[in-house]
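Chemist: Residue numbers (the numbering used here), protein chains in the order written: chain A, 202 to 476; chain B, 401 to 699. Glycine is no exception: its CB is placed at the ideal position from the N, C-alpha and C atoms.
#1: Give the interface partners of residue 218 of chain A over in chain C, defined as CB-CB distance under 7 angstroms, in chain order.
#2: On the DSSP bridge list, what partners appear for residue 453 of chain B?
#3: Tell whether a beta-carbon distance below 8 angstroms holds between residue 237 of chain A and residue 250 of chain A.
#4: In the DSSP assignment, find the alpha helix (DSSP H) that holds residue 232 of chain A and state where it starts and stops.
#5: Starting from residue 255 of chain A, find everything on chain B with Cβ-Cβ shorter than 9 angstroms and list it in chain order.
#6: What residues of chain B sit near residue 232 of chain A, judged by a beta carbon separation below 7 angstroms?
#7: Looking at C-alpha atoms only, which residue of B:477, B:629, B:550 and B:460 is the closest neighbour of residue 645 of chain B?
#8: For a contact meaning CB atoms closer than 9 angstroms, what does residue 320 of chain A contact in chain B?
#9: Taking the continuous alpha helix (DSSP H) assigned at residue 478 of chain B, which residues delimit it?
#10: Which residues in chain B have a C-beta closer than 7 angstroms to the C-beta of residue 310 of chain A? List them in chain order.
#11: Check for me: the alpha helix (DSSP H) holding residue 321 of chain A runs from which residue to which?
#12: Any beta carbon of chain A sitting closer than 8 angstroms to that of residue 646 of chain B?
#13: Which of the three DSSP states, helix, strand or coil, is assigned to residue 413 of chain A?
#14: Taking only beta-carbon atoms, is residue 554 of chain B less than 8 angstroms away from chain A?
#15: Mapping the DSSP letters down to three states, classify residue 259 of chain A as helix, strand or coil.
#16: Rounded to a whole number of angstroms, what is the C-alpha to C-alpha distance between residue 427 of chain B and residue 374 of chain A?
#17: Return the residues of the segment 612-633 of chain B that lie within a Cβ-Cβ distance of less than 9 angstroms from chain A, sorted by chain order.
#18: Would you list, in sequence order, the uninterrupted alpha helix (DSSP H) runs of no fewer than 4 residues that lie entirely inside the segment 599-666 of chain B?
#19: Buried or exposed for residue 419 of chain A, going by 16 or more other Cβ atoms inside 10 Å?
#20: Mapping DSSP to helix, strand and coil, what is residue 407 of chain A?
#21: With distance defined between alpha-carbon atoms, name the residue in B:434, B:526, B:435 and B:454 nearest to residue 710 of chain B.
#22: Would residue 403 of chain A and residue 260 of chain A qualify as a contact pair, given that the criterion is a beta-carbon distance under 8 angstroms?
#23: Count the C-beta pairs between the segment 674-685 of chain B and the segment 299-310 of chain A that are closer than 8 angstroms, then say yes if the count reaches three, no if not.
#24: State buried or exposed for residue 610 of chain B, treating a residue as buried only when at least 16 other CB atoms are found within 10 Å of its CB.
#25: Could you please give the first and the last residue of the uninterrupted alpha helix (DSSP H) stretch that includes residue 579 of chain B?
#26: Beta-carbon separation of residue 320 of chain A and residue 653 of chain B under 8 angstroms?
#27: Is it true that the CB of residue 353 of chain A sits closer than 8 angstroms to the CB of residue 442 of chain A?
#28: Using the beta-carbon count (16 or more within 10 Å), is residue 504 of chain B buried or exposed?
#29: In whole angstroms, what separates the C-alpha of residue 546 of chain B from that of residue 631 of chain B?
#30: Determine the extent of the alpha helix (DSSP H) in which residue 356 of chain A is found, giving its start and end residues.
#31: Around the Cβ of residue 470 of chain B, are there at least 16 other Cβ atoms within 10 angstroms (buried) or fewer (exposed)?
#32: Measuring straight from C-alpha to C-alpha, what distance separates residue 554 of chain B and residue 560 of chain B?
#33: Have a look at A:362, A:448, A:436 and A:231 and flag the residue whose alpha-carbon is nearest the alpha-carbon of residue 255 of chain A.
#34: For the segment 487-507 of chain B against the segment 621-639 of chain B, are there 3 or more C-beta pairs whose distance is under 8 angstroms?
#35: For residue 422 of chain A, which option in A:217, A:209 and A:264 has the closest C-alpha, if you only look at C-alpha atoms?
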């Protein structure tokens with residue numbers, strides 16, 4: 202590459218990063234600015250909005266509910282999906298395409314559509330089983346399937362599941378031992394990635410909770426926004442930062458250099474749909 | 401007779417045992433299939449079925465109601481918004497992705513940008529709406545600053561809470577999504593191809609027009625379609641930004657579903673949802689086709 206072209210490229214890159222950096226950082230900075238405003242134009246900066254977060258019981262309840270939903274969804278997803286994927290890989294290869302299709306299907310069915318069909322189901326659930334907001338975990342598990350399937354699929358593809366399980370079986374191991382003590386320990390990073398992705402999705406979910414009349418974190422932020430914009434924006438910044446930290450952790454975990462591009466492609470596909 | 405009958409029974413038993421093992425294998429997939437059936441396929445079936453059910457039994461009235469002006473208007477707005485934000489997002493996202501890919505592939509900058517894009521592409525919704533209200537809302541940071549300098553960005557109406565506002569806000573998650581989709585394709589472009597073009601006497605224009613352009617086109621248009629579907633089905637951001645009215649299809653579905661004055665029309669909501677899912681499904685099928693074309697050239 203000639204020197205003048207390299208120079209031009211560097212100038213281009215610097216300009217692009219500055220412009221896009223400004224476009225993406227200014228609104229986030231503005232949220233910080235907004236959440237630290239005093240009551241009047243001339244009042245000094247204050248952190249009272251941030252302190253009020255913990256003095257607003259509704260908000261604390263919503264944060265706790267969302268965190269509980271995130272944990273339940275991640276755990277449920279691992280319990281349901283991991284054994285199924287291993288089993289299908291080993292014993293039912295013909296079902297592979299079906300499972301993949303079903304897992305990616307939520308990308309094609311927008312949450313706003315899903316909720317129209319879920320309304321009667323949740324009416325039944327709230328009458329016959331429970332009115333708790335934690336029942337949302339049932340549908341959240343479906344929402345995270347595309348995100349987690351790709352990650353777990355990559356994790357399983359990286360190890361020789363067949364040979365490992367045959368070796369274990371020939372030494373007398375049962376299926377539970379094969380899954381719990383042979384395969385799962387070999388794909389820890391994929392499990393962790395899948396769980397973190399689920400947490401990020403659940404904490405950001407608004408559509409389904411809002412339309413089924415449950416108050417999770419995002420719904421609480423939206424409701425509060427009408428009464429006390431400063432506090433709700435403070436929570437919004439906090440949740441954004443939390444998700445960013447989760448994804449940075451994720452990007453440092455178990456990503457061998459050669460697979461970075463592949464995994465990027467995998468996560469990419471999963472970012473297909475907005476909730 | 402009894403002696404002769406014995407082996408008959410045994411030979412007959414073998415296929416039975418084989419069949420049972422086969423069934424037991426399938427049993428392992430039952431929990432997953434049942435779960436997905438109840439919480440994904442059944443709701444979808446309820447939407448499809450519900451489109452054909454009215455207060456007096458089976459009817460096509462929900463679907464024929466689709467030509468009402470406010471419904472057509474909402475869908476037209478949705479298409480305009482989605483196409484606009486997809487085109488802006490795809491072009492700007494491709495530029496940003498190119499700037500990223502020309503840097504160090506293992507560098508901190510790239511890692512930071514991809515992580516940030518992951519968050520920003522996903523964390524739309526309420527957070528995003530508030531970010532823009534805090535920036536260019538009435539009391540927004542930039543609005544106030546510009547006002548102090550004699551510029552009123554709302555001189556021609558409060559566009560932030562209208563379609564043009566949504567267009568601006570949507571680009572905020574469309575650009576990062578495009579970066580995530582387009583990066584792997586750009587990674588597949590080899591520097592040797594450029595060198596080969598140059599050794600054959602081609603200029604930069606020739607390289608982009610005849611080599612990189614055609615190779616990247618499927619990935620670019622695939623990304624464009626994904627962005628379209630992404631915006632078409634988005635609800636949370638619009639709901640947080642626009643409190644009243646149903647200017648786009650997703651808001652219309654929500655308002656038809658949960659009308660607070662007791663005018664909820666589940667049949668009509670289902671029919672609207674059906675139209676939306678058909679549009680998204682068509683776009684996603686085209687996206688998959690383009691994805692496969694991309695994969696053929698760029699490993």
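Modeler: On the basis of the data shown:
#1: Protein chains A and B are contained in the structure displayed, whereas chain C is not.
#2: Here residue 453 of chain B corresponds to residue number 53 of the second chain, with the count starting at 1. Answer is B:458, bridged to residue 453 of chain B.
#3: The residue labelled residue 237 of chain A in the question sits at position 36 within the first chain. The residue labelled residue 250 of chain A in the question sits at position 49 within the first chain. At a Cβ-Cβ threshold of 8 angstroms, residue 237 of chain A and residue 250 of chain A count as neighbours.
#4: Working through the first chain from its first residue, we reach residue 232 of chain A at position 31. Its alpha helix (DSSP H) spans residues 204-236.
#5: For this step, residue 255 of chain A is matched to residue 54 along the first chain. What residue 255 of chain A touches in chain B: nothing, since even the nearest Cβ is about 19 angstroms away.
#6: Taking the first chain and counting its residues from 1, the one referred to as residue 232 of chain A is at position 31. Using a Cβ-Cβ cut-off of 7 angstroms, residue 232 of chain A is close to 530, 531 and 534 of chain B, given in chain order.
#7: Here residue 645 of chain B is taken as the residue at index 245 of the second chain, counted from 1. The candidate whose alpha carbon is nearest that of residue 645 of chain B is B:477.
#8: Here residue 320 of chain A refers to the residue found at position 119 of the first chain. The answer, in chain order, is 443, 446, 657, 658, 666 and 669.
#9: Your numbering for residue 478 of chain B matches position 78 in the second chain. Looking at the DSSP string, the run of the alpha helix (DSSP H) that includes residue 478 of chain B is 469-501.
#10: Walking along the first chain from the start, residue 310 of chain A turns up at place 109. Those are 444 and 677, listed as they occur along chain B.
#11: Position 120 of the first chain, counting from 1, holds the residue named residue 321 of chain A. Residue 321 of chain A -> alpha helix (DSSP H) spans 312-329.
#12: Taking the second chain and counting its residues from 1, the one referred to as residue 646 of chain B is at position 246. Not an interface residue.
#13: Here residue 413 of chain A corresponds to residue number 212 of the first chain, with the count starting at 1. Note: residue 413 of chain A maps to coil in three-state DSSP.
#14: By 1-based counting over the second chain, the position of residue 554 of chain B is 154. Contacts with chain A at 8 angstroms (Cβ-Cβ) do not include residue 554 of chain B.
#15: As a position in the first chain, residue 259 of chain A is number 58, starting the count at 1. Assignment of residue 259 of chain A by DSSP, reduced to helix, strand and coil, places it in the helix class.
#16: If you number the second chain from 1, residue 427 of chain B lands on position 27. If you number the first chain from 1, residue 374 of chain A lands on position 173. Distance between the alpha carbons of residue 427 of chain B and residue 374 of chain A is about 20 angstroms.
#17: 626, 629, 630, 631, 632 and 633
#18: 613-632, 636-641 and 649-657
#19: In the first chain, residue 419 of chain A corresponds to position 218, counting from 1. So residue 419 of chain A counts as buried.
#20: In the first chain, counting from the first residue as 1, residue 407 of chain A sits at position 206. DSSP places residue 407 of chain A in coil when its eight states are reduced to three.
#21: Residue coverage of chain B in this structure runs from 401 to 699, which leaves residue 710 of chain B outside it and unanswerable.
#22: As a first step, residue 403 of chain A is located in the first chain; it is residue number 202 there, counting from the start. As a first step, residue 260 of chain A is located in the first chain; it is residue number 59 there, counting from the start. No.
#23: yes
#24: Counting from one through the second chain, the residue named residue 610 of chain B turns up at place 210. Exposed is the call here.
#25: The count along the second chain starts at 1 and reaches residue 579 of chain B at position 179. Taken as a continuous stretch (DSSP letters only), the alpha helix (DSSP H) holding residue 579 of chain B covers 563-587.
#26: Residue mapping note: residue 320 of chain A aligns to position 119 of the first chain, counting from 1. Residue mapping note: residue 653 of chain B aligns to position 253 of the second chain, counting from 1. Not closer than 8 angstroms, so no.
#27: Translated into the one-based positions of the first chain, residue 442 of chain A becomes position 241. Translated into the one-based positions of the first chain, residue 353 of chain A becomes position 152. Not a contact, by the Cβ cut-off of 8 angstroms.
#28: For the purposes of this step, residue 504 of chain B is taken as residue 104 along the second chain, with counting starting at 1. Counting Cβ neighbours within 10 Å, residue 504 of chain B comes out exposed, since fewer than 16 surround it.
#29: The sequence position of residue 546 of chain B within the second chain is 146, counting from 1. The sequence position of residue 631 of chain B within the second chain is 231, counting from 1. Their backbone Cα atoms lie some 30 angstroms apart in a straight line.
#30: The residue you call residue 356 of chain A lines up with position 155 of the first chain. It spans 337-358 - the alpha helix (DSSP H) in which residue 356 of chain A sits, taken as one unbroken run.
#31: In the second chain, residue 470 of chain B corresponds to position 70, counting from 1. It counts as exposed.
#32: Within the second chain, residue 554 of chain B is the residue found at index 154, counting from 1. Within the second chain, residue 560 of chain B is the residue found at index 160, counting from 1. Roughly 9 angstroms between the two C-alpha positions.
#33: Residue numbering aside, residue 255 of chain A sits at position 54 when the first chain is read from its first letter. Distance check between residue 255 of chain A and each of A:362, A:448, A:436 and A:231 places A:436 closest, using alpha-carbon atoms only.
#34: yes
#35: The residue you call residue 422 of chain A lines up with position 221 of the first chain. If we check each option's Cα against that of residue 422 of chain A, A:264 comes out closest.
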